[in-house]
Amino acid sequence: MTDMEIRTAVLQVLQEIAPEADLAELDASARIRDQLDIDSMDFLNFIIGLHKSLGVEIPERDYPKLTTLNECTRYLTNSLQNK
Amino acid sequence: MNEFVMPKLGSDMTAGTLVSWRKKPNEAVHRGDIMAEVDTDKGVIDIEAFQEGILDKILIEPGAHVPVGTTLAMIRADGEVSAESGSSVKAKTLPVASQPVEPQTQESDANKPPLIELSLQDLRRLKISPSARMLARQLGVDPRQVKGTGRDGAITRDDIDKAGRATSPPAKKSAPPKAPASISTPGPAAETPRPVVDALDRAARMRQAIAAAMARSNREIPHYYLSTTIDLHRAMDWLTEQNEQRGVTDRLLYGVLLLKAVALALRESPELNAFWQNDQAELQDDIHLGVAVSLRGGGLIAPAIHHADLKSLDELMRDLRDLVKRVRSGGLKSSELSDPTVTVTNLGEQGVEGVFGVINPPQVAIVGFGKVGERPWVVDGQVMPRPVICASLAADHRATDGHLGGIFLTNLGRILQEPELL
Chain A
26 MTDMEIRTAV LQVLQEIAPE ADLAELDASA RIRDQLDIDS MDFLNFIIGL HKSLGVEIPE
86 RDYPKLTTLN ECTRYLTNSL QNK
Chain B
7 MNEFVMPKLG SDMTAGTLVS WRKKPNEAVH RGDIMAEVDT DKGVIDIEAF QEGILDKILI
67 EPGAHVPVGT TLAMIRADGE VSAESGSSVK AKTLPVASQP VEPQTQESDA NKPPLIELSL
127 QDLRRLKISP SARMLARQLG VDPRQVKGTG RDGAITRDDI DKAGRATSPP AKKSAPPKAP
187 ASISTPGPAA ETPRPVVDAL DRAARMRQAI AAAMARSNRE IPHYYLSTTI DLHRAMDWLT
247 EQNEQRGVTD RLLYGVLLLK AVALALRESP ELNAFWQNDQ AELQDDIHLG VAVSLRGGGL
307 IAPAIHHADL KSLDELMRDL RDLVKRVRSG GLKSSELSDP TVTVTNLGEQ GVEGVFGVIN
367 PPQVAIVGFG KVGERPWVVD GQVMPRPVIC ASLAADHRAT DGHLGGIFLT NLGRILQEPE
427 LL
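For the record, the sequence lines run as chains A and B.
The first sequence begins at 26 in the numbering used here and counts up by one.
The second sequence begins at 7 in the numbering used here and counts up by one.
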C-alpha cells in the first residue's frame, strides 16, 4: 500500500467517526483529537476502524504514536511493512 | 383496547412529531417492539410498545406534531374484536399548543422517506438563507433537490416556494403553521408536509430543552456538592493488563470501570437511586445509569444503560459503545430516554479536574468525574506518583443529606480499589 492509500483509508475511518467534520481542512501535523473533538470512545472506534480496514492490530501502548494524521500514516506504513 | 400514546421522553418534553410507523394495523405487538419513530428535541427516537396485543388502528399519521399523551394508535388484546367492526374509537387529542391534528387517510408513497434530514454539512454546502431554510421546513421541501437562483447559486425563499408548489400541493386547509398566506390557497390533494429536520434547528431545539430542564433543576432543587479524590492505580494497572491481552475490538475504556463502580455503590446507597415525585423521594428498584454523551454540534443526551449493576464490564462496554453510536447517528429508544435513575457525567476528556453537576429532574443525584491525572500521592509515608481522579456528587438535599452522600463517595472509592471484582 502506498502512503497515499493509507492516508485515504485513515481519512475514511475518521469520516465515519466524525461524519460532520470537513476533513479537507484537517491539519495533518496537528492533534486529531483536538481538531475533531473526539473522545476516548471515538478514538477506540478509530483504532477498531483501522483494524477492520487495514488489518492492523494496534496495541494500547502505541496509541500515543497516533495523534496526528502524519503520525498515523507513518505508524501504519511501518506496521504494514513489518506484517 | 389499549391506547398507545405519545410518550414523555424526559421531564420537559411537551410534544413530538410522528415520523413513521414501524407496525401495520393487525400486526402483533410485543412489549419492547419498536412501534413508531418520533422526532423530538433529542433527535429521532424509536418508540417502544409497553403492552402486548395487536395493532388495531392508527390514529395519527406521519408528519403530525402532537402533544405528549395524545393517542397515536389503539392496541387490542388478543381475541378482542377490532374497533373497525364495532363502535368507533375516538382519538383523544389533548389541548394543544401546536396545530390541531386530524387523523388523515394516507396513501402517500412508501418509497420516499418520511423525514428529510439535513446535516450541518448539507447546510454549509447549500448556501441557503435562514428564512429560506425556515420556509423549507414549513413546506416540507428538501432544499437539496432545489436549484438555487440567487447569487452564487444560493437558494432563495422564492426557490423553495416554487418547489413547494411543484412537488406537494398545499394541504386542504390550515396548511403548515405560520406559513405565509401565499401558499395556503386551497389545493386538490390533502397531504401532510414531509417533516424537514435540519441540524441547526435540531441544535436550537435541544438547547431549549436543556435550558428548560436545567432552569427547573436550579430553581427547584436544593443541590449539595461533595467531592473526593480517588487513587486509581489499581484500576488503571488492571485495565492496562486486561487490554494487553485483548484484541482491538474487545478492549475496555476506564469509563466503563467507573460506571460499574457507581452502579455498585448505588446499591449500597439506594436513597440516591430515586425520583423526586409528589413531594417525596420514590426509590427506584432498578439501577439505570444515564450516561451523559455530548454532541459535537452542541448539546448533550444522557440515555440509560439499564441494570448497570447487574452487567459485566464487557456487557457495559458493548452497551456504552452502542449507546454513543446511537446518540450520534440516531436510533435511541424511548425507554432509554425516559427512565435513567442517576446520571453519570465524565468531563475528564476535556482535561478538567472536577465537575459540579446539575441534577436532571426527577432524578436526585448526578455523579461527575474529572480527568485521570498523575499526582504525588502519599502511600505509607512515601510520596509516590499515582493516577488519581476527582469524583463528585451533586445531590438533592430534599431527598438525602450530605452524610449519606459522603458514604456513597467513600464506597465508590473503595469499590474502585478492587477492579477485579467489578
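C-beta atoms are modelled at their ideal positions from N, C-alpha and C, and glycine is treated no differently.
Legend entry - With 16 other Cβ atoms within 10 Å as the buried cut-off, status of L306(B): By the 10 Å Cβ count, L306(B) comes out exposed.
Inset, instruction - Give me the Cα-Cα distance between P233(B) and V364(B), rounded to the nearest whole angstrom. - result: According to the sequence provided, residue 233(B) is Ser. The question's Pro does not apply to it. Their backbone Cα atoms lie some 14 Å apart in a straight line.
Inset, instruction - Below 9 Å between beta carbons is the criterion; list the residues of the segment 117 to 144 of chain B that meet it against any residue of chain A, in chain order. - result: Those residues of the segment 117 to 144 of chain B that come within reach of chain A (Cβ to Cβ, closer than 9 Å) are S125, L126, Q127, R130.
Legend entry - Closest by C-alpha distance to L428(B), when choosing among D386(B), L329(B), A314(B), V378(B): Looking at the Cα atoms, A314(B) is the closest of the given residues.
Inset, instruction - Examine chain A for any beta-carbon lying closer than 9 Å to the beta-carbon of T77(B), and answer yes or no. - result: So no, T77(B) is outside the interface.
Inset, instruction - Mind checking the segment 31 to 44 of chain A against chain B and listing, in chain order, the residues whose C-beta falls within less than 8 Å of any C-beta there? - result: Hits within the stretch, in order: A43, P44.
Legend entry - Rounded C-alpha distance that separates G75(B) from N284(B): Cα to Cα, G75(B) sits roughly 20 Å from N284(B).
Inset, instruction - Using 8 Å as the cut-off, classify the Cβ of G419(B) as near or not near the heavy atoms of the ligand ATP, replying yes or no. - result: Ligands are entirely absent from the displayed structure, and the ligand ATP is therefore not among its contents.
Inset, instruction - Within its chain, find whatever has a CB closer than 7 Å to the CB of G337(B); leave out the 5 residues flanking it on each side and keep chain order. - result: These residues qualify, in order along the chain: D52.
Legend entry - Interface flag, N279(B) vs chain A, CB-CB below 9 Å: Contact with chain A is absent for N279(B), since none of that chain's Cβ atoms lies less than 9 Å from the residue's Cβ.
Inset, instruction - May I have the straight-line CA-CA distance separating L418(B) from A241(B), to the nearest angstrom? - result: Approximately 12 Å, taken between the alpha carbons.
Inset, instruction - Pull up the distance between the alpha-carbon of G146(B) and that of L78(B), whole angstroms please. - result: Their Cα atoms are separated by approximately 22 Å.
Legend entry - Where R99(A) falls: helix, strand or coil (DSSP): The answer is helix: DSSP assigns R99(A) an H, G or I state.
Inset, instruction - Spell out whether any CB of chain A is found under 9 Å from the CB atom of E23(B). - result: Before going on, a small fix: residue 23(B) reads as Thr here, not Glu. Closer than 9 Å: no.
Legend entry - Member of G376(B), Q57(B), K133(B) whose CA lies at the smallest distance from the CA of F362(B): Answer by Cα proximity: G376(B).
Legend entry - Residue burial classification, I31(A) (beta-carbon count within 10 angstroms, cutoff 16): Flag for I31(A) reads buried.
Inset, instruction - Put V5(B) into one of helix, strand or coil per three-state DSSP. - result: This structure cannot settle anything about residue 5(B), because the visible part of chain B is limited to 7 through 428.
Inset, instruction - Tell me, to the nearest whole angstrom, how far the beta carbon of E82(A) is from that of G253(B); I am working on the premise that it is less than 8 Å. - result: Their Cβ separation, rounded to whole angstroms, is 7 Å, which keeps E82(A) and G253(B) in contact under 8 Å.
Legend entry - Residue environment, N279(B), which counts as buried when at least 16 other CB atoms sit within 10 Å: Flag for N279(B) reads buried.
Legend entry - Three CB pairs or more closer than 8 Å across the segment 402 to 410 of chain B and the segment 295 to 305 of chain B: These segments do not touch.
Legend entry - For A79(B), the first and last residue of its enclosing beta strand (DSSP E): It spans 77 to 82 - the beta strand (DSSP E) in which A79(B) sits, taken as one unbroken run.
Inset, instruction - With DSSP as the reference, label E424(B) as helix, strand or coil. - result: If DSSP states are grouped into helix, strand and coil, E424(B) belongs with coil.
Inset, instruction - Check the Cβ-Cβ distances between V330(B) and every residue of chain A, and say whether any is below 9 Å. - result: The beta-carbon of V330(B) is placed less than 9 Å from the nearest beta-carbon of chain A.
Inset, instruction - Could you have a look at M26(A) and say whether DSSP puts it in helix, strand or coil? - result: Three-state DSSP puts M26(A) in coil, outside helix and strand.
Inset, instruction - Tell me, please, whether the segment 46 to 63 of chain B touches the segment 201 to 214 of chain B by the rule of three or more beta-carbon pairs shorter than 8 Å. - result: They touch, by the three-pair rule.
Legend entry - Proximity below 9 Å, CB of P320(B) to CB of D256(B): A small fix is needed here, since residue 320(B) is Asp in this sequence, not Pro. Taking 9 Å as the Cβ cut-off, D320(B) and D256(B) qualify as a contacting pair.
Legend entry - Sufficient close CB pairs (3 or more, under 8 Å) joining the segment 126 to 139 of chain B to the segment 154 to 166 of chain B: The segment 126 to 139 of chain B, when compared against the segment 154 to 166 of chain B, does touch it at the 8 Å Cβ threshold.
Inset, instruction - Mind reading off the beta-carbon distance from M12(B) to G22(B)? Whole number of angstroms is fine, and I expect it under 8 Å. - result: Indeed, because the Cβ distance is near 6 Å, the residues count as touching under 8 Å.
Inset, instruction - Give a yes or no on whether 9 Å exceeds the smallest Cβ distance from G387(B) to chain A. - result: Contact with chain A is absent for G387(B), since none of that chain's Cβ atoms lies less than 9 Å from the residue's Cβ.
Inset, instruction - Give the straight-line distance between the Cα atoms of N70(A) and G156(B), rounded to the nearest whole angstrom. - result: Going from the Cα of N70(A) to the Cα of G156(B) covers about 42 Å.
Inset, instruction - Identify, in the order they occur along the chain, each residue of the same chain with its Cβ nearer than 7 Å to the Cβ of N32(B), setting aside the five sequence neighbours on each side. - result: Counting only residues of its own chain and dropping the five nearest sequence neighbours on each side, N32(B) has a CB closer than 7 Å to the CB of I60, L61.
Inset, instruction - Taking G303(B) as the query, report the chain A residues whose CB atoms sit under 7 Å from its CB, ordered along the chain. - result: Going along chain A in sequence order, the residues near G303(B) (Cβ under 7 Å) are E45.
Inset, instruction - Since I believe I122(B) is in contact with R200(B) (beta carbons under 8 Å), could you give me their beta-carbon distance rounded to a whole number of angstroms? - result: At roughly 6 Å, the Cβ-Cβ gap stays under 8 Å, so R200(B) and I122(B) are in contact.
Inset, instruction - Establish whether the CB of R163(B) and some CB of chain A are separated by less than 9 Å. - result: No, no contact with chain A.
Inset, instruction - Report the residues of the segment 314 to 340 of chain B with a CB closer than 9 Å to any CB of chain A, ordered along the chain. - result: For chain A, the residues of the segment 314 to 340 of chain B that bring a beta carbon within less than 9 Å of one of its beta carbons are L326, R327, V330, K331, R334, S335, in chain order.
Legend entry - Under 9 Å between C-beta atoms of L399(B) and L422(B): Going by C-beta atoms, L399(B) is not nearer than 9 Å to L422(B).
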